Structures are given as structure tokens and as C-alpha cells.
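Q: Here it is, the structure, as C-alpha cells.
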Amino acid sequence: MAGMTLCSVCERQVRGKAKVEGGASTSTADGATTTAAAASEACALCFGTLNPQFVARVAADVGRAVKNDFYDVKDFVLSLNMPVSLILREEIVKMRDDLGFAGTLASVPFRIRAIDAYIGALYEATGLRPTKCSNLNLTITFSNDEFLKPDCDFLQDHFPDEFIMPAKKMRLAEPPPIESLLTKVKVLSIASRLQADVAKKFNFETPTNNCVSSFELSRDPIFLAGRYCKFSRNLPQSPWTADDHAGSGIVGGSVSEQVCQFLKQKSLADVTRFTASGREDIDVRMLGEGRPFAVQLVNPRKKLPEWSTIEQEINRTFNDIRVSFLRQVTRAEADILKIGEEEKRKTYTALCYSSKRVDPAMLAALQDKAPLELKQKTPVRVLKRRPLIERPRNIFQMHAIPIDDHHFQLRLTTQAGTYVKEFVHGDFGRTRPSLADLIDPESEVDILELDVEMVDLEWPPGNITAQQPVPNGLAK
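For the sequence shown, full-length UniProt numbering assigns the number 1 to the initial residue and increments by one for each residue that follows.
So, in C-alpha cells, the structure goes:
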């Protein structure tokens, strides 16, 4: 084998300290040689990633980023992402008994040696303690594609079945290069079947290009759960698009924006993701204990204040919403919010109008008509964004009280996903039966105002507060 150039660190680790001190070059029985390149980043094994000067530069870059990002942490977990070619060489070296290596490489994986080379420098540069368990993750990626093609050719010659391009990709106008199949998982899989005689045929070329390093700092996401009330009939739950605004005359924020912008400002998170158990229309108020919601804070730099403090600050800042029961939950608990959507129950109060004189006896009889199953086609008002299907929905309880000759208050408990407005007026016969059908088929009934009083869900998880609707009356 031709000469194999190693940096001083790899030379010492793979050959052993005694042999390094004895000379800068070693020959084996097969004529293979290793040559130390003490001050160079040109190393056929680590690609210069263990060079002390290179390590110092990477650590300095990370240190500046940590100080600029203001993470309020004391430790971090380090991950190193090495080039595929480097991983291949590590695996082949383990099979090469002709190199006369007597250092630590055989017993200590390269990734451990690499982490050991970096943790001290990173601690000095950042002031953060490296540990096995932290919510701040530092991932350093080293890139060098110089040998991807020759490495792929070598493996393809000996393991051709591993490099068959999928037929789907071959049909593309420009099929991807065969090197795209050379992944770390594939290298490790092949290495488990690699024989020593094949490993000896591998040529350890010295890279002419230095590795390029990049890094990412990311903190574990924080998941918050709570409930919100919405007191405005001009505030959507989520931001509206330009099409949504067309002709509405409604411009401004939303519940999710008000909550998330506040939390993002406090935590310095990169991104916030808002999820709720259903949604009310823009002209519908959310009353009672509020609608369950969850927020994911992605890569937060700062710890949040006490939950009660956050609630108070949000509620003082915004007049149209109120947040309560705020607490931190796990990812698994946050996912519960979307489980069994259609099995949940919701209670509404509506102010309704009848074109004909209201018959108190007819309203009183509504109570006995529940439970009631509806057939609801997708409403006309949402057809532009939802498919046209027919959904079965249930009304569990229904109670109506007359207000005057043409107005009455309707209170009903429904299956989640029921279109209440369409149940009241019928939506041109697309909801059957409708409230208008039940009261008087000759009368036109419409809904003037709608409030959600309760979303029947134990939320946040473990919250033992009774889920009872709070009397709010009807908005006038």
C-alpha cells in the first residue's frame, strides 16, 4: 500500500505513543507505510478534524454563537456529524491487520475520540459544561465530499447489490448520481460484512481539501397547555389569508398571534406553533372556562416566568382574550389535544330569530327531540376550503327560551364538528333536520349571535377543575 498520511493525533492514537516517539514513518510487512503530518490538517483518517488548530477555530465559532444567542443554560450535549468517507475509513482501519496499529483506535470508536478532542475546547470557549443530559443540543457537522465517488466505486465493485438505483428514481429526467446511495447507514451495514482481504485493497488517499464545519444550537422544545376565552366577534382564532380578508373589512391579529407573539418574546424561541381543540368562527365568542389549546416553543433561549405571571401579563396586555390554566406539558400530552376530535362534546348558546311568531309550546317541545342525529353536507360558506361530503352529527341536549315574539335563546350540547349555524337555518336544505324544520317548516329561522360555553375536555392534562360552563348571558 502507498504511504498513508496521518496527523499527529491520529498517528499517536492508532500506532501507539511509543512508536510515534520512535519515528515519523512506519513500514509493515506488506510494505504499507504511515507518515505523520504533525502540523497539517491533511490526514487520511480524520480529514483534519482532530487537528488542534482546527478544533480551536470551530470552538471559537461556537463560543461566539452561544454568547450571541443568550441561552440561559449551564450545560450542553455534543453531537458530531462526520463525513461518510471518514466513517468508511474508520471501519476499514479496524479490518486492516497489516498496518501494525497498536494504539487506542481498536478499542475506542472514532466518534468517542473526536468528542474527547472537542469537549475541552468547547468548554473553554462557551463556559458551558458538556454532559450526557441537557436540553441544549450542539451539533457540529463536518463536510468533505472529495472521496465520495472513489469510495462509492470501491464499494460498488465489491457490493454491487447495495447500489441498485430504485426504478422510481431512474425514471426521473435527471436521475440522481450513484453517490447519493452512499449513506452512513449503508456504510455501517456493508462494514459488518467486509472481509480483511477486501479491506486491504482500499487506498487511503490524503485529502487535498480541508473539512468545512458548520454547527447548530437547538434547545429542546417547550410545550404549554392552557385554555383561552375570546370576547370579540371580530377576532379570528388564527391569522387570516388575503382571500379570507376579501370583503370582510376585518384586519388585525388573532388569538394565536396574541398568545404566541407574547410567549415568543418572553422565551426568544425561533418558532411558535399553536394548536387548539377545534375552532370558533370569527364572529363567535368563546366563553366559560375557554377552549383547550397548546403551544410549542421551538428552540427557546430563555426559561419562562411562573405560569400565573404569564397569564396575568397576557390578560393585562389584551382585552379581547383571557388565558387560564397555563402549564407545561410533555409532547405526548400535547398530542392528546387532537385525539378523538369527533368524540368531544361542546355546549353553545345562540340568539335566534324566527320570521313567524314564536310559539312557546313549540320551543318547549324541542327539549324532548334530543338526542337527535343530523346529516350535514359541507356548508356553502366553507366549500372553497373543504371537500364536499356528508357528515353524521349528533345533538345531545337542546333547550330554548322565548325572548319576545320573534327572538329566542337556544342552548344545545352537540358532538364536536357540528355546524351549529347550519343546524339552525338549514343551509338551503343541506342540513337535515334543521331547527327550522323542527319548529315550523313554514318559518324561516336564523342565528344572530353564537357563543361557545364549554368544550368538554379535561385540559390541561391532570387539571381537576370541574368542567362546568360559566353563565355569561348573551351578547347584545
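Just so it is clear, CB atoms sit at the ideal spot from N, CA and C, and this is done for glycine as well.
Note that the structure is a prediction, hence the values are computed from the model and not measured.
Apart from the five residues on each side of it in sequence, which residues of its chain come closer than 8 Å, Cβ to Cβ, to residue 382?
A: The beta carbon of residue 382 lies closer than 8 Å to none in the same chain, with the five residues before and after it left out.
Q: Thinking residue 460 and residue 274 are a contact (beta carbons under 8 Å), I'd like their distance in whole angstroms, please.
A: Not confirmed; about 15 Å, so no contact.
Q: Among 62, 14 and 44, which has the Cα closest to the Cα of residue 215?
A: 62
Q: Strictly by DSSP, which residues pair up with residue 139?
A: 79 and 216
Q: Pull up the DSSP beta-bridge partners for residue 295, would you.
A: 224 and 274
Q: Please name the residue, chosen from 377, 235 and 410, that lies closest to residue 360 on a Cα-to-Cα basis.
A: 410
Q: How would you write the range of the beta strand (DSSP E) that residue 353 sits in, first residue to last?
A: 345-354
Q: Once DSSP output is grouped into helix, strand and coil, what is the label at residue 95?
A: helix
Q: Just to confirm before moving on: does the CB-CB distance between residue 137 and residue 218 stay below 7 Å?
A: Yes, the Cβ-Cβ distance between residue 137 and residue 218 is below 7 Å.
Q: Which value, in whole angstroms, describes the spacing of the CA atoms of residue 211 and residue 142?
A: 6 Å
Q: Comparing alpha-carbon positions, which option in 451, 221 and 362 lies nearest residue 135?
A: 221
Q: So residue 446 is in the beta strand (DSSP E); what residue range does that whole segment cover?
A: Looking at the DSSP string, the run of the beta strand (DSSP E) that includes residue 446 is 445-456.
Q: Expressed to the nearest angstrom, what Euclidean distance is found between the alpha-carbon atoms of residue 436 and residue 358?
A: 12 Å
Q: Since residue 133 and residue 182 are thought to touch, with beta carbons under 8 Å apart, how far apart are those beta carbons, to the nearest angstrom?
A: About 33 Å; that fails the 8 Å criterion.
Q: Anyone know if the C-beta pair for residue 130 and residue 112 falls short of 7 Å?
A: no
Q: Between the region 224-243 and the region 292-312, do at least 3 Cβ pairs fall closer than 8 Å?
A: yes
Q: Quick one: is residue 329 buried, meaning 16 or more other Cβ sit within 10 Å of its Cβ, or exposed?
A: buried
Q: Just to confirm the assignment, what range does the alpha helix (DSSP H) spanning residue 308 have?
A: 307-317
Q: Return the CA-CA distance between residue 126 and residue 68, expressed in angstroms with no decimal places.
A: About 11 Å.
Q: Exposed or buried, what is residue 306 when buried is set at 16 or more other beta-carbons lying within 10 Å of its beta-carbon?
A: Exposed: under 16 other Cβ atoms inside 10 Å.
Q: To the nearest angstrom, how far is the alpha carbon of residue 322 from that of residue 445?
A: 32 Å
Q: What distance in whole Å lies between the Cβ atoms of residue 255 and residue 272, which are believed to be in contact at a cut-off of 8 Å?
A: That belief does not hold up - the Cβ atoms of residue 272 and residue 255 are roughly 13 Å apart, past 8 Å.
Q: Helix, strand or coil: which one does DSSP assign to residue 198?
A: Three-state result, residue 198: helix.
Q: Could you check what DSSP says for residue 208 in three-state terms: helix, strand or coil?
A: DSSP places residue 208 in coil when its eight states are reduced to three.
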